[in-house]
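Engineer:
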Amino acid sequence: MSTFTNTYSNDNDNYFSNLGRATRAFLGALLASKPYSELAQKEVIASSVTDEEQRYVRPSKRDIALLNSEAARYENLMPNLASELRFLASRG
């Protein structure tokens, strides 16, 4: 006749329990959502902004020139970034 013996340890200092706690903490921080009350407050604050403050302000020629000069700096290093910067400058 054979018997199976399994001993469990309640040590909280072993590797797998530390790994489990770290994983739970990481996932909790990664997937954390703000409480509903904070979101509701932000909506109230956002709705209280007047139409005058929401008005679109056209970028100045200086801003457009700055974007184009940045695009020229990154042309050889990151061509995709340069084209995105030029696109943003053209939307002005």
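Going by my numbering, the sequence shown opens with residue 1, and the numbers climb by one from there. Glycine residues also receive a C-beta, built at the ideal position from the N, C-alpha and C atoms.
#1: Closer than 7 Å by C-beta to residue 15: which residues in its own chain qualify, once you throw out the five before and the five after it? Chain order, please.
#2: Kindly list the residues whose CB is nearer than 6 Å to the CB of residue 82, restricted to its own chain and excluding five residues on each side of it in sequence; keep chain order.
#3: Report yes if the C-beta distance between residue 32 and residue 64 is below 8 Å; otherwise report no.
Structural biologist: Quick answer:
#1: none
#2: 71, 74, 75
#3: no
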